[in-house]
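What follows is a set of notes on a single structure, which appears directly below.
In our numbering, the protein residues as written are 1 to 340.
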């Protein structure tokens, strides 16, 4: 069984005749014998129809953070009022132990033949990205010759960092290159009523989350993303986007080149409505008529180049890997609500 223990220290305030409410909560949650799908060899048969990765008590984590929620409502008159709310949380996730004496657990998938791109390791957040670190793009042959040994490198290829200073680029140079766990999470709401009109808006945001553009790895075999226009195509033309090729080069090794900041602000819902005054509809036998229109996911503010920065596979060892998930749909709704 998974065992959880949690400590909370909270504060609740109601001010100005409860027009302003403030809730703050500091928490420490420890999850022991965490249940998780553990990667195993394919010879175990888990890939067969009806099969699946085994679930085991794999280790323990500690989540420490603070949550804050503020809500303010003000009634100017019987027909005019507004309500504004915002909530946010800051979270630190840390692995405290792993079962069975292992030093780390690998997970996720990036490419056939490559090492798993995520790790679960004591002292680190669960599912952090573990790969090569880049230092720009080789501009010419002399830069390649003066760099640590990087087999088959050509001008325009990514330059990897020799983390262990042994003079050769290999799997031993992999390191922490990002975390899929957001540092901050926010939610916002606003509503107003003015002489029969009503308006509401909801938004959410995440800050400090890294994502892996796994969908981009095989794009050279199909299509190109827009940023390929700024690729390296001669000395001095680019310092961060490598040359284009359909060949199996080291540019496709898992590295921080495929990692982006997944921070975003998304407007989830906008709704506008109007309730016809009662005196205008009583003569036709109606108690209330409300006309409204709404739009879901009207826009998202982000620098992430993928389809949707708010992705998750549900598996902590695979949560920040974007395989090209279909984005959330933008929907428009219009309606009339009649009360007899």
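Ideal Cβ positions, reconstructed from N, Cα and C, are used throughout, including at glycine.
Rounded separation between residue i and residue j - CA only
{"i": "residue 133", "j": "residue 99", "result": "29 Å"}
{"i": "residue 343", "j": "residue 249", "result": "Since the displayed the chain opens at 1 and closes at 340, residue 343 lies outside it and no answer follows."}
{"i": "residue 310", "j": "residue 101", "result": "34 Å"}
{"i": "residue 314", "j": "residue 136", "result": "33 Å"}
{"i": "residue 336", "j": "residue 190", "result": "22 Å"}
{"i": "residue 17", "j": "residue 77", "result": "16 Å"}
{"i": "residue 91", "j": "residue 318", "result": "19 Å"}
{"i": "residue 305", "j": "residue 296", "result": "21 Å"}
{"i": "residue 329", "j": "residue 303", "result": "19 Å"}
{"i": "residue 194", "j": "residue 292", "result": "14 Å"}
{"i": "residue 31", "j": "residue 235", "result": "52 Å"}
{"i": "residue 237", "j": "residue 139", "result": "9 Å"}
{"i": "residue 325", "j": "residue 109", "result": "15 Å"}
{"i": "residue 199", "j": "residue 107", "result": "45 Å"}
{"i": "residue 286", "j": "residue 331", "result": "30 Å"}
{"i": "residue 174", "j": "residue 146", "result": "21 Å"}
{"i": "residue 380", "j": "residue 229", "result": "Lying outside 1 to 340, the shown extent of the chain, residue 380 is not represented and no answer is given."}
{"i": "residue 262", "j": "residue 180", "result": "9 Å"}
{"i": "residue 19", "j": "residue 294", "result": "27 Å"}
{"i": "residue 255", "j": "residue 233", "result": "21 Å"}
{"i": "residue 33", "j": "residue 61", "result": "9 Å"}
{"i": "residue 120", "j": "residue 103", "result": "9 Å"}
{"i": "residue 167", "j": "residue 323", "result": "34 Å"}
{"i": "residue 164", "j": "residue 260", "result": "24 Å"}
{"i": "residue 1", "j": "residue 340", "result": "53 Å"}
{"i": "residue 105", "j": "residue 15", "result": "49 Å"}
{"i": "residue 367", "j": "residue 141", "result": "The chain is shown from 1 up to 340; residue 367 falls before or after that span and cannot be answered."}
{"i": "residue 113", "j": "residue 264", "result": "33 Å"}
Proximity to residue i [Cα-Cα], best of the options
{"i": "residue 182", "options": "216, 211, 121", "result": "211"}
{"i": "residue 7", "options": "1, 29, 20", "result": "29"}
{"i": "residue 308", "options": "205, 227, 245", "result": "205"}
{"i": "residue 333", "options": "2, 94, 298, 177", "result": "298"}
{"i": "residue 160", "options": "253, 73, 3", "result": "253"}
{"i": "residue 169", "options": "274, 330, 251, 139", "result": "251"}
{"i": "residue 68", "options": "243, 281, 186", "result": "186"}
{"i": "residue 171", "options": "235, 115, 224, 225", "result": "115"}
{"i": "residue 178", "options": "331, 321, 145", "result": "321"}
{"i": "residue 338", "options": "326, 316, 281", "result": "281"}
{"i": "residue 55", "options": "111, 198, 316", "result": "316"}
{"i": "residue 192", "options": "272, 258, 145, 229", "result": "272"}
{"i": "residue 246", "options": "87, 62, 312, 224", "result": "224"}
{"i": "residue 209", "options": "93, 324, 103", "result": "93"}
{"i": "residue 258", "options": "240, 63, 113", "result": "240"}
{"i": "residue 25", "options": "88, 62, 1", "result": "88"}
{"i": "residue 188", "options": "268, 167, 120", "result": "268"}
Contact under 9 Å by Cβ, residue i with residue j
{"i": "residue 270", "j": "residue 201", "result": "yes"}
{"i": "residue 97", "j": "residue 122", "result": "yes"}
{"i": "residue 35", "j": "residue 71", "result": "no"}
{"i": "residue 227", "j": "residue 207", "result": "no"}
{"i": "residue 130", "j": "residue 176", "result": "yes"}
{"i": "residue 59", "j": "residue 118", "result": "no"}
{"i": "residue 231", "j": "residue 213", "result": "no"}
{"i": "residue 196", "j": "residue 75", "result": "no"}
{"i": "residue 275", "j": "residue 284", "result": "no"}
{"i": "residue 9", "j": "residue 23", "result": "no"}
{"i": "residue 203", "j": "residue 278", "result": "no"}
{"i": "residue 312", "j": "residue 217", "result": "no"}
{"i": "residue 83", "j": "residue 73", "result": "yes"}
Cβ separation of residue i and residue j, assumed to be a contact under 8 Å, to the nearest whole Å
{"i": "residue 148", "j": "residue 162", "result": "4 Å"}
{"i": "residue 13", "j": "residue 5", "result": "Incorrect: roughly 28 Å between the Cβ atoms, too far for contact."}
{"i": "residue 27", "j": "residue 85", "result": "So it is not a contact: roughly 20 Å between Cβ atoms."}
Subject >> Sufficient close CB pairs (3 or more, under 8 Å) joining the stretch 115 to 126 to the stretch 151 to 162 >> reply: no
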